[in-house]
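K.L.:
As you go down the protein sequences, you meet chains E and L in turn.
To convert, note that position 29 of the first sequence is 29 in our numbering; the numbers rise steadily by one, no gaps.
Whatever position you read off the second sequence (first residue = 1), add 174 for our numbering.
Backbone N, C-alpha and C fix where the C-beta goes; we use that ideal spot for every residue, glycine too.
Model, not experiment: these values are computed from the prediction.
Protein chains: 2
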Amino acid sequence: MAPNSQFLEELHTKVIHEFSKTLEMFALSPAEARLFVTLYLHGEPMTLDEMSKALGKSKTAMSNGIKSLVELNLVERVWKKGVRKDLYQADENLYRKFMTSYIQKWLDAAQQQEHSLKEIESTLEQKADQLQEPGEMEEIEELYNRLRDVIRFHRLINEKFSDMKPSAQEASIK
Amino acid sequence: MAPNSQFLEELHTKVIHEFSKTLEMFALSPAEARLFVTLYLHGEPMTLDEMSKALGKSKTAMSNGIKSLVELNLVERVWKKGVRKDLYQADENLYRKFMTSYIQKWLDAAQQQEHSLKEIESTLEQKADQLQEPGEMEEIEELYNRLRDVIRFHRLINEKFSDMKPSAQEASIK
DNA sequence: AATTTTATACAGTTTAAACTGTACGTAAAT
DNA sequence: ATTTACGTACAGTTTAAACTGTATAAAATT
Chain E
1 MAPNSQFLEE LHTKVIHEFS KTLEMFALSP AEARLFVTLY LHGEPMTLDE MSKALGKSKT
61 AMSNGIKSLV ELNLVERVWK KGVRKDLYQA DENLYRKFMT SYIQKWLDAA QQQEHSLKEI
121 ESTLEQKADQ LQEPGEMEEI EELYNRLRDV IRFHRLINEK FSDMKPSAQE ASIK
Chain L
175 MAPNSQFLEE LHTKVIHEFS KTLEMFALSP AEARLFVTLY LHGEPMTLDE MSKALGKSKT
235 AMSNGIKSLV ELNLVERVWK KGVRKDLYQA DENLYRKFMT SYIQKWLDAA QQQEHSLKEI
295 ESTLEQKADQ LQEPGEMEEI EELYNRLRDV IRFHRLINEK FSDMKPSAQE ASIK
């Protein structure tokens, strides 16, 4: 090993450590984050065995991790002439990839939950239309009001994250 | 129990279930999220024992959960004349509270990590200035370029989330 | 066709988080 | 001053996630 390799490797490890923290905030698990950063820093496509060696984890763990990252569309499987093993490469465009998929995740979730809550709301409305015990009505009213605020909360989240889409921004700039 | 209480309680549970999913996306644990929603739906301040009963979890679990929520500034301890037990109340202003603290969390983290990465960068620059083995230089260059991209990524995140601050928005509207 | 190499499914293990019940210190009530 | 009630620290338990090693199926090489 070259005299400065150890020094360089330490820096490498530090970068992986720090950058991973940020990627974990995009809802990646620590293991997924480290795997992505390893791949990203390496630049060239890597095989499962190389990743396994680089991170000191089992090949199975790499296989699982890569599967997740590919599903998240953050890593791509590439083909190289004469290479038998599967090769994977991290997407170069960090910002666009992470922001886009993250915002989409928020929008999907918020819309789904807003829908579920609206269903509950209409159930509640039906119930309120029927004749109710005197005491019951207040409770229904109470929950109904809260529900409306919660639904409003989801709508606001939706608007906010819609505005954040990089596509929307760049479309207006270009 | 009144004839329709069961029905109402079921709806209650459903709302807790759905709304909690959204709050989990704000980096609350499932338990913290359910606790907050319970408190929020109840409206009135609650004691640890009431929460414990409402969620069917131990009082200790409530104590821990509340501690987190208070630290996150999502729940407030209130005082009521003649009541001996501690009372806690969920903040009414869902959107502002959650968005503000969430964005702040992002900004703090991104800035912290950007700082760490810049330190690594300058270490690397110093190293590059020293005479290097012929092969080493490329590797250093390689890592250096990646590092710059990663730092740029953090800067972009920072800008994006700064723009999202509700305070910035509303200040310009009002 | 037989052999070797590869990725992954699966079962078992390790590790970390959430939760419980008891015990204790503090504060209110008697 | 004594008793009762309250919140939480702590230790132990349960539960879920991450990880490993082996086994298997598929694909490439010979």
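E:Y88: which of E:N158, E:L107, E:L41 sits nearest, CA to CA?
P.N.:
E:Y88 has its Cα closest to that of E:L41, out of E:N158, E:L107, E:L41.
K.L.:
Could you check if L:K348 is buried or exposed, using at least 16 other CB atoms within 10 Å of its CB as the buried criterion?
P.N.:
Low per-residue confidence applies at L:K348: pLDDT is 37, beneath 50, and the placement is therefore not dependable, though the value from the model is reported in the following sentence. Counting Cβ neighbours within 10 Å, L:K348 comes out exposed, since fewer than 16 surround it.
K.L.:
Go through its chain and collect everything with a Cβ distance to E:S63's Cβ below 8 Å, but skip five positions before and after it.
P.N.:
Around E:S63: L48.
K.L.:
Indicate the three-state DSSP secondary structure (helix, strand or coil) for E:T47 in the structure shown.
P.N.:
E:T47 falls in the coil class under three-state DSSP.
K.L.:
If I'm right that E:A109 touches L:K334 with Cβ under 8 Å, what's the distance once you round it to whole angstroms?
P.N.:
Not quite, the Cβ-Cβ distance comes to about 19 Å (not below 8 Å), so this is no contact.
K.L.:
Could you work out which residues of chain L lie near E:W106, taking near to mean beta carbons separated by less than 9 Å?
P.N.:
Those within 9 Å of E:W106 in chain L are M199.
K.L.:
Could you name the residues of the same chain whose beta carbon sits closer than 6 Å to that of L:A207, not counting the 5 residues immediately before and after it, in chain order?
P.N.:
Closer than 6 Å at Cβ, skipping near neighbours: S194, L197, E198.
K.L.:
Where does L:R258 sit, in a helix, a strand or coil, going by DSSP?
P.N.:
Reduced to three states, the DSSP call for L:R258 is coil.
K.L.:
Select from L:T187, L:R326, L:N332 the residue whose C-alpha is nearest the C-alpha of E:E92.
P.N.:
Minimum Cα distance to E:E92 is reached at L:R326.
K.L.:
For the beta strand (DSSP E) containing E:E133, list its first residue and its last residue.
P.N.:
Looking at the DSSP string, E:E133 is not in any beta strand (DSSP E), and its letter there is neither H nor E.
K.L.:
Determine, for L:D303, whether the minimum Cβ-Cβ distance to residues of chain E falls below 8 Å.
P.N.:
No, no contact with chain E.
K.L.:
I'd like to know if L:R251 contacts chain E, where contact means its C-beta is closer than 8 Å to some C-beta of that chain.
P.N.:
No, no contact with chain E.
K.L.:
The segment 8-19 of chain E: which residues have C-beta closer than 9 Å to a C-beta of chain L, in chain order?
P.N.:
Within the segment 8-19 of chain E, the residues whose Cβ lies closer than 9 Å to some Cβ of chain L are L8, L11, H12, K14, V15, H17, E18, F19, listed in chain order.
K.L.:
Quick check on DSSP: helix, strand or coil for L:E206?
P.N.:
In the structure shown, L:E206 sits in a helix (DSSP, three-state: H, G or I).
K.L.:
Spell out whether any CB of chain E is found under 8 Å from the CB atom of L:I347.
P.N.:
In this prediction, L:I347 scores a pLDDT of 46, lower than 50, which makes its location untrustworthy; the coordinate-derived value is nonetheless stated afterwards. No, its Cβ sits nowhere closer than 8 Å to a Cβ of chain E.
K.L.:
Look at L:L185 and L:F210 and say whether their C-beta atoms are less than 8 Å apart.
P.N.:
Going by C-beta atoms, L:L185 is not nearer than 8 Å to L:F210.
K.L.:
Helix, strand or coil for L:E293 per DSSP?
P.N.:
Three-state result, L:E293: helix.
K.L.:
Consult DSSP for L:A235 and reduce its assignment to one of helix, strand or coil.
P.N.:
DSSP places L:A235 in helix when its eight states are reduced to three.
K.L.:
Report the residue from L:K254, L:L317, L:E312, L:A228 whose alpha carbon sits nearest the alpha carbon of L:I190.
P.N.:
When only C-alpha atoms are compared, the closest one is L:A228.
K.L.:
Kindly confirm or deny that the segment 111-118 of chain E and the segment 141-151 of chain E touch, where touching means at least three C-beta pairs closer than 8 Å.
P.N.:
Contact holds: three or more Cβ-Cβ distances are below 8 Å.
K.L.:
Checking contacts by CB at 8 Å: is L:T297 closer than that to chain E?
P.N.:
Taking Cβ atoms only, chain E reaches closer than 8 Å to L:T297, which makes this a yes.
K.L.:
Does L:A283 come out as helix, strand or coil in the three-state DSSP assignment?
P.N.:
In the structure shown, L:A283 sits in a helix (DSSP, three-state: H, G or I).
K.L.:
Mark L:W253 as exposed unless 16 or more other C-beta atoms lie within 10 angstroms of its C-beta, in which case mark it buried.
P.N.:
With fewer than 16 other Cβ atoms within 10 Å, it is exposed.
K.L.:
According to DSSP, is L:A201 part of a helix, a strand, or is it coil?
P.N.:
If DSSP states are grouped into helix, strand and coil, L:A201 belongs with coil.
K.L.:
Identify every residue that forms a DSSP beta bridge with L:A264.
P.N.:
Per DSSP, L:V249.
K.L.:
CA-CA distance, L:Q278 and L:G217?
P.N.:
About 26 Å.
K.L.:
Report the residue from E:K67, E:K81, E:A90, E:S101 whose alpha carbon sits nearest the alpha carbon of E:P166.
P.N.:
It is E:S101 whose Cα lies nearest to the Cα of E:P166.
K.L.:
Three-state secondary structure (DSSP) at L:K339?
P.N.:
L:K339: coil per DSSP, three-state reduction.
K.L.:
When you compare only the Cα positions, how much space is there between E:T123 and E:D129?
P.N.:
Whole-angstrom Cα-Cα distance: 10 Å.
K.L.:
Apart from the five residues just before and just after L:M311, which ones in its own chain have a Cβ nearer than 8 Å to its Cβ?
P.N.:
Taken in chain order, the residues that qualify are A302.
K.L.:
Below 8 Å between beta carbons: does that hold for E:G65 and E:A31?
P.N.:
Cβ atoms of E:G65 and E:A31: closer than 8 Å.
K.L.:
Is any beta-carbon of chain E found at less than 8 Å from that of L:M225?
P.N.:
Judged by the 8 Å Cβ criterion, L:M225 is not in contact with chain E.
K.L.:
Is any beta-carbon of chain E found at less than 8 Å from that of L:Y276?
P.N.:
Not an interface residue.
K.L.:
In chain E, what lies closer than 8 Å to L:M311 by C-beta?
P.N.:
The premise fails here: L:M311 is roughly 10 Å from chain E at the closest Cβ pair, so nothing lies under 8 Å.
K.L.:
Using only the heavy atoms of the ligand MN, determine whether one of them is closer than 7 Å to the beta carbon of L:S237.
P.N.:
This structure does not include the ligand MN; it has no bound ligands of any sort.
K.L.:
Comparing C-alpha positions only, which one of L:R329, L:A201, L:Q180 sits nearest to L:M273?
P.N.:
Answer by Cα proximity: L:A201.
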